[in-house]
Amino acid sequence: MRLIRDAAEFQAAMLGYRARNLRVGFVPTMGYLHAGHQSLMAAARAESDVVAVSIFVNPKQFGPSEDLARYPRDLDGDLKKCAGAKVDVVFAPEADGFYAPGFQTQVEVLEATQGLCGASRPTHFRGVTTVVLKLLMLAQPTAAFFGEKDFQQLTVIQTMVRDLSVPMAIVGVPTMREPDGLAMSSRNVFLAPDERKVALVLKRSLDAMIAAAAKGERSRETLLQEGRAVIAEAPSVRLDYLELVDARTLKATDPIAAPTRGIGAIFVGKTRLIDNCAIL
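What follows is the structure, given as structure tokens:
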């Protein structure tokens, strides 16, 4: 496995693979890797001749009051996990080298970033699309792999690649969960034992909406009331949002129709967690 820290060196290596007509699978991450990330690497490995992973905590997607400084980092552990997943190349740049002096370009997707996490974190997706497009241009992959846990992010990136005619596939990989159902996240490390139990309330709220929809309920507000009632049972949890949206457009519909996604975000203590599930 080759570790590269320099952007130009990484791009040259990736272009070399593509010149040999090799299929390149790329997994962009912010590190502190867990089994969810490893599922992305496995998906890339199954479809690619060469697998590349980036490890970069992108400062441009964090707001001024968010957790950039405390975001967990473990490069040595990440490299061991990448080696275990038979990754060929790891790109782990420093922020100063990745964004050169005078960097002034931003990439913005308009409609798909409205609402949901875009409402709570107004500059977040501009930072995501900027870094992802730059990483895709460096990696030059045949396909890039993203988790469905960040469903709005996945949709935003798919929209960006489609709109800008970026010649690669964006592949969504199902959310990996802990045995009790909690969506795997690097931020789960911040949860105290009692918070870890309470954090399951978001998945239970999504499950409640799934159950109601399975019985024939199609009223958006009635379904959301079912979900909110579950979250209200955990008074220590602060609800950021809970929504039902068309899985293709991320727009709310009433009555709901397939494909509908339930998407939510909560604060458990200081930790913000997100999750989503197919409702129909």
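Quick note: to get the working numbering, add 306 to the position in the sequence shown (first position is 1).
The C-beta atom is built at its ideal place from N, Cα and C for all residues, glycine as well.
For residue i, report the span of its alpha helix (DSSP H) as first-last.
i      : result
Val462 : 457-469
Val333 : Here Val333 belongs to no alpha helix (DSSP H); instead the beta strand (DSSP E) covers 330-335.
Arg534 : 526-538
Val434 : 430-445
Ser345 : 341-353
Arg567 : First-last for Arg567: 566-574, but that is the beta strand (DSSP E), not the alpha helix (DSSP H).
Ile253 : Coverage of the chain is limited to positions 307 through 586, which leaves residue 253 absent and any answer about it impossible.
Leu385 : 381-390
Arg324 : 313-325
Phe404 : 401-404
Gly478 : Segment 475-479 is the beta strand (DSSP E) holding Gly478; no alpha helix (DSSP H) there.
Ser542 : Premise fails: Ser542 is in no alpha helix (DSSP H) and is neither H nor E.
Ser491 : Careful: Ser491 lies outside any alpha helix (DSSP H) and carries neither H nor E.
Distance check for residue j and residue i, CA to CA, integer angstroms please.
i      : j      : result
Ile516 : Asp402 : 45 angstroms
Cys423 : Gly575 : 18 angstroms
Glu587 : Arg432 : Limits of the chain in this structure are 307 at one end and 586 at the other, which puts residue 587 out of reach.
Ala563 : Lys557 : 12 angstroms
Glu353 : Ala450 : 11 angstroms
Arg544 : Thr461 : 25 angstroms
Asp546 : Arg534 : 11 angstroms
Arg326 : Met443 : 18 angstroms
Ala519 : Asp581 : 18 angstroms
Pro447 : Gln367 : 22 angstroms
Ala445 : Val393 : 14 angstroms
Glu417 : Ala425 : 12 angstroms
Thr559 : Glu315 : 47 angstroms
Arg468 : Pro334 : 18 angstroms
Gly478 : His340 : 17 angstroms
Leu512 : Val472 : 34 angstroms
Cys388 : Phe404 : 21 angstroms
Pro399 : Ser525 : 48 angstroms
Ala319 : Leu470 : 24 angstroms
Glu372 : Cys583 : 25 angstroms
Ser492 : Arg324 : 32 angstroms
Arg351 : Pro541 : 43 angstroms
Val356 : Ala553 : 31 angstroms
Gln464 : Ile476 : 6 angstroms
Thr528 : Ile537 : 15 angstroms
Arg578 : Arg427 : 11 angstroms
Gln344 : Met482 : 10 angstroms
Pro480 : Leu381 : 25 angstroms
Leu321 : Leu346 : 22 angstroms
Val437 : Arg510 : 33 angstroms
Val363 : Lys386 : 18 angstroms
Leu328 : Gln317 : 15 angstroms
Lys521 : Gln459 : 30 angstroms
Ends of the beta strand (DSSP E) at residue i?
i      : result
Ala449 : 449-453
Val504 : Where Val504 is concerned, there is no enclosing beta strand (DSSP E), although the alpha helix (DSSP H) it sits in stretches over 499-504.
Ile361 : 356-361
Arg510 : Run containing Arg510: none in the beta strand (DSSP E); it sits in the alpha helix (DSSP H), 507-520.
Ala584 : 577-584
Val396 : 395-397
Val415 : First-last for Val415: undefined, no H or E at that position.
Leu374 : Taken as a continuous stretch (DSSP letters only), Leu374 belongs to no beta strand (DSSP E), as it is neither H nor E.
Arg308 : 308-310
Label residue i either buried or exposed according to how many other C-beta atoms from any shown protein chain fall within 10 Å of its C-beta, with 16 as the threshold for buried.
i      : result
Lys455 : buried
Val495 : exposed
Asp505 : The sequence shown places Ala at residue 505, not Asp. Buried is the call here.
Thr419 : buried
Gly587 : This structure gives no information on residue 587, because the portion of the chain shown stretches from 307 to 586.
Glu549 : buried
Phe332 : buried
Asp384 : buried
Pro407 : exposed
Gln531 : exposed
Lys440 : buried
Phe457 : buried
Measure the beta-carbon distance from residue i to residue j and round it to whole angstroms, keeping in mind my assumption that it falls under 8 angstroms.
i      : j      : result
Val270 : Val330 : Look at the range of the chain in this structure, 307 to 586, and you will see that residue 270 is not part of it.
Lys391 : Ala349 : Note that residue 391 is Ala in the sequence shown, not Lys. The Cβ separation is near 10 angstroms, so there is no contact.
Met466 : Thr435 : 5 angstroms
Ile572 : Leu508 : 5 angstroms
Ile310 : Gly337 : Ile310 to Gly337, Cβ: 15 angstroms. No contact.
Gly342 : His430 : Rounded, the Cβ-Cβ distance is 19 angstroms, inconsistent with contact.
message = I want to know whether the segment 372-387 touches the segment 408-425 - three or more CB-CB distances under 8 angstroms.
response = Under the three-pair Cβ rule at 8 angstroms, the segment 372-387 does not count as touching the segment 408-425.
ask   = Are the segment 498-505 and the segment 564-571 in contact at 8 angstroms, needing three or more beta carbon pairs?
value = no
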